[in-house]
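See below for the structure under consideration.
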Amino acid sequence: MRRVLASLAVAVIVAAGCSDSSSDDDTITLVTHDSFAVSDDVLEAFTAETGVKVRVLPAGDAGATLNQAILTADDPLGDVIFGVDNTFLSRATEADILVPYDSPELANVPDEFELDPRHRLTPVDRGDVCINFDKAYFAGQGLAVPETLDDLTAPEYRGLLVTENPAMSSPGLAFLLATVAEFGEDGWRDYWQRLRDNDVEVVSGWEEAYNGEFSAGEGRGDRPLVVSYASSPPAAVYFSDPQLAESPVGTQLASCFRQIEFAGILKGTSKEKEARELIDFMLSEPFQADIPLSMFVFPVRDGVALPDVFVEFADVPPEPLTLPPDEIGENREQWIREWTDTVLR
Amino acid sequence: MSWRRAALLAVPVAFVGVFFAYPVVAIMGRGLVPDGSLDLEPLGDVVTDGGLREVIWFTLWQATVSTVLTVLVALPGAYVLGRYRFAGRRLLWAAITVPFVLPTVVVGSAFRSLFEEGGPLGSLGLEQSLAAILIAHVFFNYAVVVRTVGGLWSHLDPGQEEAARVLGASRWQAFRTVTLPSLRPAIAAAASIVFLFTFTSFGVILILGGPSYATLDVEIYRQTVSLLDLPLAAALTIVQLVAVVALLLVSARLEGGRAGALRLRAAAEVAHRPRGWAQRGLLLANLAVMGLLLGVPLGVLVERSFAVSSGGYGLGSYRALGDLRRGTSLFVPPAEAIVNSLVFALAATVIALVVGGLAASALATGRRHRARGSAAGIETLLMLPLGVSAVTVGFGFLVALDEPPLDLRGSPALIPIAHAVVAVPFVVRVMTPVLRSIDERLRESAAVLGASPARIWREVDLPIVARAALVAAGFAFAISLGEFGATVFIARPDYPTLPIVIFRLLGQPGALNFGAAMAASTILMALTATAVVAIERFRVGTVGQF
Numbered sequence: 000m001r002r003v004l005a006s007l008a009v010a011v012i013v014a015a016g017c018s019d020s021s022s023d024d025d026t027i028t029l030v031t032h033d034s035f036a037v038s039d040d041v042l043e044a045f046t047a048e049t050g051v052k053v054r055v056l057p058a059g060d061a062g063a064t065l066n067q068a069i070l071t072a073d074d075p076l077g078d079v080i081f082g083v084d085n086t087f088l089s090r091a092t093e094a095d096i097l098v099p100y101d102s103p104e105l106a107n108v109p110d111e112f113e114l115d116p117r118h119r120l121t122p123v124d125r126g127d128v129c130i131n132f133d134k135a136y137f138a139g140q141g142l143a144v145p146e147t148l149d150d151l152t153a154p155e156y157r158g159l160l161v162t163e164n165p166a167m168s169s170p171g172l173a174f175l176l177a178t179v180a181e182f183g184e185d186g187w188r189d190y191w192q193r194l195r196d197n198d199v200e201v202v203s204g205w206e207e208a209y210n211g212e213f214s215a216g217e218g219r220g221d222r223p224l225v226v227s228y229a230s231s232p233p234a235a236v237y238f239s240d241p242q243l244a245e246s247p248v249g250t251q252l253a254s255c256f257r258q259i260e261f262a263g264i265l266k267g268t269s270k271e272k273e274a275r276e277l278i279d280f281m282l283s284e285p286f287q288a289d290i291p292l293s294m295f296v297f298p299v300r301d302g303v304a305l306p307d308v309f310v311e312f313a314d315v316p317p318e319p320l321t322l323p324p325d326e327i328g329e330n331r332e333q334w335i336r337e338w339t340d341t342v343l344r
Numbered sequence: 000m001s002w003r004r005a006a007l008l009a010v011p012v013a014f015v016g017v018f019f020a021y022p023v024v025a026i027m028g029r030g031l032v033p034d035g036s037l038d039l040e041p042l043g044d045v046v047t048d049g050g051l052r053e054v055i056w057f058t059l060w061q062a063t064v065s066t067v068l069t070v071l072v073a074l075p076g077a078y079v080l081g082r083y084r085f086a087g088r089r090l091l092w093a094a095i096t097v098p099f100v101l102p103t104v105v106v107g108s109a110f111r112s113l114f115e116e117g118g119p120l121g122s123l124g125l126e127q128s129l130a131a132i133l134i135a136h137v138f139f140n141y142a143v144v145v146r147t148v149g150g151l152w153s154h155l156d157p158g159q160e161e162a163a164r165v166l167g168a169s170r171w172q173a174f175r176t177v178t179l180p181s182l183r184p185a186i187a188a189a190a191s192i193v194f195l196f197t198f199t200s201f202g203v204i205l206i207l208g209g210p211s212y213a214t215l216d217v218e219i220y221r222q223t224v225s226l227l228d229l230p231l232a233a234a235l236t237i238v239q240l241v242a243v244v245a246l247l248l249v250s251a252r253l254e255g256g257r258a259g260a261l262r263l264r265a266a267a268e269v270a271h272r273p274r275g276w277a278q279r280g281l282l283l284a285n286l287a288v289m290g291l292l293l294g295v296p297l298g299v300l301v302e303r304s305f306a307v308s309s310g311g312y313g314l315g316s317y318r319a320l321g322d323l324r325r326g327t328s329l330f331v332p333p334a335e336a337i338v339n340s341l342v343f344a345l346a347a348t349v350i351a352l353v354v355g356g357l358a359a360s361a362l363a364t365g366r367r368h369r370a371r372g373s374a375a376g377i378e379t380l381l382m383l384p385l386g387v388s389a390v391t392v393g394f395g396f397l398v399a400l401d402e403p404p405l406d407l408r409g410s411p412a413l414i415p416i417a418h419a420v421v422a423v424p425f426v427v428r429v430m431t432p433v434l435r436s437i438d439e440r441l442r443e444s445a446a447v448l449g450a451s452p453a454r455i456w457r458e459v460d461l462p463i464v465a466r467a468a469l470v471a472a473g474f475a476f477a478i479s480l481g482e483f484g485a486t487v488f489i490a491r492p493d494y495p496t497l498p499i500v501i502f503r504l505l506g507q508p509g510a511l512n513f514g515a516a517m518a519a520s521t522i523l524m525a526l527t528a529t530a531v532v533a534i535e536r537f538r539v540g541t542v543g544q545f
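Residue numbers (numbering that gives the first Met the number 0), protein chains in the order written: chain A, 0 to 344; chain B, 0 to 545.
Okay, structure coming up:
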């Protein structure tokens with residue numbers, strides 16, 4: 000029966016006029032999330048240098064991409080996966096879907112970014128989830144920008160912050176983890192209770208928060224504080240026309256949680272050599288220098304020059320909050336459940 | 000079951016079997032048969048967990064209310080568009096499909112800007128509310144009811160209702176006893192589609208309802224994508240399937256209650272200009288509803304696409320759409336996105352028409368042969384894809400379609416197939432009632448007069464079938480143009496369509512990104528309206544004049 004159904008399906012596909020022509024020997028497949036981006040000429044240079052073509056296979060958001068890779072462990076979707084971050088690192092390493100590879104290029108990457116001692120996951124970029132503020136609002140009201148996470152629970156900041164649901168959103172989860180890192184296992188629930196009492200607004204995702212509720216976002220909402228990224232201020236300038244002289248958005252540095260994105264070689268690949276070349280390339284100078292304006296995150300490699308718009312408009316937290324991946328892995332679901340009970344119920 | 004019917008059904012059953020049932024069973028197997036033995040414990044967890052019970056209850060409740068509201072609001076619209084002749088009627092008939100295809104993220108942003116504090120409707124307190132969810136559901140599904148019911152209404156012989164009036168029935172009695180029963184199959188068909196769409200609501204709930212509301216689809220996404228708890232996700236899918244099958248069986252009864260042939264007439268004979276103040280008033284009231292419900296949110300999007308950040312209006316956002324991120328892998332020339340969208344939509348429409356058309360013919364034949372039980376079963380199977388989470392189907396594709404000759408993972412063919420899986424139920428629902436309504440006596444008279452079976456089909460069936468097929472094709476094309484949810488969870492090669500471009504643009508801060516997203520949305524709206532108008536203008540033989 001399955002045979003019959005299968006040939007029928009094939010007939011339908013042929014009728015639809017589609018064919019898959021990218022299973023050549025010199026092509027490797029990069030499974031990644033929908034936000035992955037690289038400049039065309041950078042990728043072409045890799046192909047020219049190594050003879051390896053890269054087929055990019057977007058697979059939804061970061062969570063969906065990783066879970067798809069785990070579900071297809073026996074018969075991998077591709078050769079390399081990119082986009083696993085430190086908040087989901089332990090799920091990837093525990094699922095045993097990756098081949099270790101200690102890239103020589105890691106010599107140029109600070110140790111703080113290498114979170115997997117067995118080198119199954121190689122750091123590629125980093126960013127910071129931070130509270131952004133609407134500069135015009137605070138200047139107009141003559142109100143000081145809140146300096147610490149604690150400040151956000153003060154009466155003068157009542158009803159000003161919008162954040163995302165950590166169960167559905169990656170920056171929302173990062174901000175929850177920031178509060179766990181800041182206030183500890185015993186204090187974070189109490190902090191969120193105080194935030195709730197101070198009328199924090201929770202929406203489902205980044206797009207609703209930034210484009211909808213944030214007063215300096217495009218929807219001209221009514222909340223001058225939003226959980227977003229340290230790269231939002233330069234992005235707001237870069238994607239403006241005529242180019243703004245100053246970013247309308249600032250970053251509150253004490254709220255930042257570090258996110259590091261990793262790449263790894265998927266177990267079962269028949270092209271391990273080419274996969275290693277791709278990992279090396281992702282750590283190389285040209286790819287790393289391309290990261291800021293392609294994906295709006297920061298390179299991990301030492302000594303890579305940042306584009307002017309980042310130099311001028313991005314504030315980088317000197318010591319962002321962070322938690323060990325194992326601790327996140329063990330507690331993530333529990334924390335999200337407790338957060339839901341504290342903030343939404 | 001006759002051999003002819005079996006032959007007609009082979010393709011649709013195989014299609015839904017391979018591209019829906021098998022993947023869903025495969026992914027549920029991963030959850031419920033983890034080590035080779037069936038473990039139904041997660042199902043018990045669903046029943047005992049108060050939070051999950053609440054999710055199930057809310058899902059059913061909001062879908063029921065949304066469906067009733069949509070039918071009530073749209074039924075007068077179906078009458079007006081089905082019966083009255085007025086300038087711009089044809090354009091309006093096509094334009095009302097536009098909301099149906101817009102990605103929820105775009106519509107959400109339009110509604111949000113209307114509902115938020117300080118917005119035009121801010122004083123109503125609709126931000127993150129149940130009312131916002133219900134209004135958006137009516138907005139999205141209005142066209143489903145208007146077009147399905149209006150299509151049949153435009154062909155109903157008004158003579159019967161007039162006869163009832165002559166015999167002394169009041170206007171309401173005549174409507175209730177003559178017209179409503181005739182419309183019942185179409186209303187039941189439309190209502191069941193609306194119910195399934197709202198039952199599996201995802202984006203609207205997240206964007207307009209906010210984190211305090213969750214449907215089964217939201218919960219299945221959470222369990223599958225955030226928590227990777229496949230057993231619980233599978234248990235929730237079982238709950239979804241049970242509810243959907245129950246609904247479909249009820250709906251099949253409602254539709255089948257009076258499956259006799261209707262007296263249909265050419266729309267041109269039935270339609271007339273609105274006469275008198277009452278009819279003109281009805282027309283105006285319905286135009287006002289459409290303007291407020293559909294026009295205002297869409298207008299917000301169009302307005303924003305032309306707005307310039309320094310004030311005033313211009314084409315800056317459209318230029319940005321063709322320029323943003325040029326030279327990176329995220330850059331998509333607008334023309335390319337439009338072509339991708341059109342090619343996938345064309346392929347999906349062809350697949351959906353073939354699969355759905357064969358199924359509808361078989362189901363209509365079956366009814367004539369009193370093969371009711373199996374017909375209801377097959378119709379239910381064909382409708383099921385609308386009632387199951389896209390995450391379940393997407394992840395199912397991944398674990399099921401992974402062996403030659405069915406290794407479709409990463410193939411671009413997955414995109415039109417996934418769209419067609421969603422469109423087939425529409426084709427079946429639009430075509431079956433019309434095919435069933437063909438008066439058998441017409442065929443018999445033609446045969447008596449010496450017409451060959453081929454000629455009977457050409458002269459009797461084809462004009463009616465083709466008309467229904469065109470309406471169905473318009474739906475299928477529009478569904479594919481706007482479809483996003485069905486493919487977003489499938490690893491697929493990068494052939495970005497307009498909805499994907501919009502989604503990407505909205506993922507970054509900056510006025511240019513936002514403006515370009517609005518420009519892409521406006522193009523998507525224009526493309527949809529144009530495509531639907533073009534499809535419906537397409538004539539086969541004497542279609543439209545029967």
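Ideal Cβ placement from N, Cα and C applies to all residues, glycine included.
Buried versus exposed, by CB contacts within 10 Å (16 or more), residue i
i         : result
Leu-90/B  : exposed
Thr-431/B : buried
Trp-2/B   : exposed
His-418/B : buried
Leu-39/B  : exposed
His-32/A  : buried
Gly-139/A : exposed
Trp-56/B  : exposed
Asp-60/A  : buried
His-271/B : exposed
Glu-206/A : buried
Asp-365/A : Absent from the model: residue 365/A. The displayed extent of chain A is 0 to 344, so no value can be given.
Val-32/B  : exposed
Gln-242/A : exposed
Ser-102/A : buried
Ala-453/B : exposed
Ser-112/B : buried
Glu-217/A : buried
According to DSSP, residues forming a beta bridge with residue i
i        : result
Ile-80/A : Val-30/A and Gly-263/A
Asn-66/A : BP columns for Asn-66/A are empty, so no partner.
Leu-71/B : Partner(s): none; Leu-71/B has no beta bridge.
Backbone secondary structure at residue i - three-state DSSP
i         : result
Ile-463/B : helix
Lys-270/A : coil
Asn-285/B : helix
Ala-14/A  : Reliability fails at Ala-14/A, whose pLDDT of 42 lies under 50, so the model's placement of it is uncertain and the value that follows must be treated cautiously. Correct three-state label for Ala-14/A: helix.
Asn-85/A  : coil
Phe-18/B  : helix
Ser-304/B : helix
Ser-112/B : helix
Phe-488/B : coil
Ala-224/A : At residue 224/A the sequence reads Leu, which differs from the Ala that was named. Leu-224/A falls in the strand class under three-state DSSP.
Run through the stretch 162-204 of chain A for me and flag every whole alpha helix (DSSP H) of 4 or more residues, listed as ranges in chain order.
169-196
What are the start and end residues of each continuous alpha helix (DSSP H) run of 4 or more residues lying completely inside the stretch 213-279 of chain B, in chain order?
Counting only runs of 4 or more, we get 215-220, 229-255 and 266-269.
Assess contact between the stretch 11-26 of chain B and the stretch 191-201 of chain B, defined as three or more Cβ pairs (one per stretch) separated by less than 8 Å. Is contact present?
At 8 Å Cβ cutoff, the stretches do not touch.
Taking one C-beta from the stretch 40-55 of chain A and one from the stretch 200-218 of chain B each time, how about it: are there three or more such pairs within less than 8 Å?
The answer is no - the stretch 200-218 of chain B does not touch the stretch 40-55 of chain A, with fewer than three Cβ pairs under 8 Å.
Quick check: the stretch 49-65 of chain B against the stretch 214-222 of chain B, are at least 3 beta-carbon pairs closer than 8 Å?
Counting C-beta pairs with one atom in each stretch, the stretch 214-222 of chain B and the stretch 49-65 of chain B have three or more that are closer than 8 Å, which means they touch.
Inside the stretch 122-181 of chain B only - alpha helix (DSSP H) runs reaching at least 4 residues:
129-152, 157-165 and 170-173
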